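Asks: Once you've had a glance at the structure underneath, I'll fire off some questions.
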Amino acid sequence: MPEVINVARRILVFKDFRIVGEVENNGAGGAPVRGYDEVSQEIGRYLA
Numbered sequence: 000m001p002e003v004i005n006v007a008r009r010i011l012v013f014k015d016f017r018i019v020g021e022v023e024n025n026g027a028g029g030a031p032v033r034g035y036d037e038v039s040q041e042i043g044r045y046l047a
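Just so you know, we're using numbering that gives the first Met the number 0 here: the sequence shown kicks off at 0 and counts up by one.
Quick look at the structure:
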């Protein structure tokens, strides 16, 4: 999962076969800028 977070600009979060959230990781020019810890915490909030 860390590899996916490091290269993804957008992550859809699924729970019970439904999309429950979208986590964006875009900086200037669309490059991923947020770290693994920050993004994984946001994903966890959607899954709680």
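Even glycine gets a Cβ: it sits at the ideal position worked out from N, Cα and C.
Only a predicted model underlies this, so the values are computations on that prediction, with no experimental measurement involved.
1. Can you tell me the Cα-Cα spacing of PRO31 and ASN24, whole angstroms?
2. Helix, strand or coil for ARG44? Go by DSSP, reduced to three states.
3. CA-CA distance, LYS14 and VAL6?
4. Can you tell me whether ILE18 is buried or exposed? The criterion is at least 16 other CB atoms within 10 Å of its CB, across all chains shown.
5. Looking at the structure shown, is GLY28 part of a helix, part of a strand, or coil, going by DSSP?
Replies: In terms of the structure at hand:
1. Here residue 31 is taken as the residue at index 32 of the sequence shown, counted from 1. Here residue 24 is taken as the residue at index 25 of the sequence shown, counted from 1. Between PRO31 and ASN24, the C-alpha separation is close to 5 Å.
2. For the purposes of this step, residue 44 is identified with residue 45 of the sequence shown, where counting begins at 1. Assignment of ARG44 by DSSP, reduced to helix, strand and coil, places it in the helix class.
3. By 1-based counting over the sequence shown, the position of residue 14 is 15. By 1-based counting over the sequence shown, the position of residue 6 is 7. Computed Cα separation, rounded: 22 Å.
4. Here the question's residue 18 lines up with position 19 in the sequence shown. Result: exposed.
5. As a working note, residue 28 is residue 29 in the sequence shown. Under the three-state reduction of DSSP output, GLY28 falls in the helix class.
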